[in-house]
Amino acid sequence: MVDSRPDSRPPDAHPDAHPDARPERAQTDESLAIERAKADDALAKVAIVERTADAIVAEARGQADEILTTAREMADEKLAKAASDGQGLVAIEQRRSSEDHVIEAERAAADAALRMEREASARIIARLLPIERNKTDRYLLTERARADDALANRDDFLGMVAHDLRDLLGGIVMNTTLLMEQTKQDSSEEDRADTAQRIHRSAARMTRLIGDLVDVAGIDAGRLAMNSTAADPFQLVAEAVQTWGPAALVKEITLEAIGDSPAISASFDHERLLQVLGNLITNAIKFSERGASVGVGVQAGADEVRFFVKDTGAGIPADRQEMVFERFWQLGRNDRRGLGLGLFISKCLVEAHTGKIWVESEPGAGSTFYFTIPC
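Residue numbers for the sequence shown follow the numbering used here, so the first one is 95 and each next one is one higher.
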């Protein structure tokens, strides 16, 4: 059979390919080459099966010929006996000749049918193989285009991170210089305290930014480990309110715990869920006006514990409430109040506790973020 398969080399690179995509492309091409080699092996096995079938048919025919030869020898013995008895030899020979012609005709017809079947099979394989490979090539190009988009997003993200870190470092350097000048000029303690607070805020934002990057890298690598212990969810809420209370006061926002505090216990990673509450509280403060209020609470159910953070901000449209948990997502294209990682990380942390997270909101009526963990 003539090999009508197309060239097994992978398709050329996408014309808009990103230069950093070469290691990923090499791995994809290697995977494609392996899959095509498997397909070729499968075709080779089909050929082996066909040859095996031919051998079986040939063996069966040989056995049939042996049986026929034995039958003819027996018939010849009978013929010799009949000749000695004076029976009609001519009629027996004619009958044998007629039977031989019938057998040859049947064999020729079977060979022709088998040959036609194999030719049809070869034509089908010759048509299907290019189609399947073209589908694979198109799929590969689609995946490469997605990889290019992902790499472009990564570059944009790294550019944003570098820009924010540079700004924060610039603020630290500037305020440190200012603090040194104030010390030389013997300025008031209040001025030096304000400068020190600005340095502290910039350093805290840098620490939070780097922590988010480390968490995302751990999530992508599948190394997001949980260290769960039995603890009181209400104590966790109280700690979150105490920790992020000063950040709320800076913006003149009231941050308070809502509800009673019955004694309940659940198993969770204390630091990770405190991080989730911190992300939700920080977002609520970020998108609330001065003088607003943010409430944090927890409700005990029959088989789960539900935490919530409620604000009175602008709210989130219904068609964007699922999108807010995607990485790098921002409410506005030019929104520079974060990298859009907090809610994504929170979702991954809650799901690592086999819980769920969602938001209920109406534009102009504020938002309430919920998340649950099993009791």
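Think of the CB as a built atom: it goes at the ideal place given N, C-alpha and C, for glycine as much as any other residue.
Classification of residue i by the beta-carbon crowding that lies within 10 angstroms, buried from 16 upward
| i | result |
| --- | --- |
| V370 | buried |
| N269 | buried |
| I451 | buried |
| R227 | buried |
| L263 | exposed |
| S296 | buried |
| R238 | buried |
| N321 | exposed |
| I161 | exposed |
| I218 | exposed |
| S282 | exposed |
| D148 | exposed |
| T406 | buried |
| M210 | exposed |
| A334 | buried |
Terminal residues of the beta strand (DSSP E) in which residue i lies
| i | result |
| --- | --- |
| V388 | S387 to A394 |
| A360 | A360 to F362 |
| F401 | E398 to K404 |
| P457 | No beta strand (DSSP E) holds P457; DSSP gives it neither H nor E. |
Whether residue i touches residue j by CB criterion (8 Å)
| i | j | result |
| --- | --- | --- |
| Q393 | G458 | no |
| E346 | G385 | yes |
| L126 | T230 | yes |
| F438 | A408 | no |
| N373 | G436 | yes |
| A290 | L273 | yes |
| V310 | L349 | no |
| L303 | L259 | yes |
| S361 | I410 | no |
| G391 | A351 | yes |
| A378 | V418 | no |
| R400 | Y464 | yes |
| L307 | C442 | no |
N- and C-terminal bounds of the alpha helix (DSSP H) containing residue i
| i | result |
| --- | --- |
| F419 | Run containing F419: none; DSSP gives neither H nor E here. |
| L349 | Note, L349: premise wrong, no alpha helix (DSSP H); beta strand (DSSP E) at T348 to I352. |
| E445 | G436 to A446 |
| F328 | P327 to V344 |
| P296 | With the sequence shown as reference, residue 296 is identified as Ser, and Pro is not the correct amino acid for it. Segment E283 to D314, the alpha helix (DSSP H) holding S296. |
For residue j and residue i, believed in contact at Cβ under 8 Å, the rounded distance
| i | j | result |
| --- | --- | --- |
| E398 | I467 | 7 Å |
| Q276 | R286 | 5 Å |
| S461 | V453 | 6 Å |
| I375 | P327 | Actually they do not touch by this definition, with Cβ atoms about 15 Å apart. |
| R292 | G265 | 7 Å |
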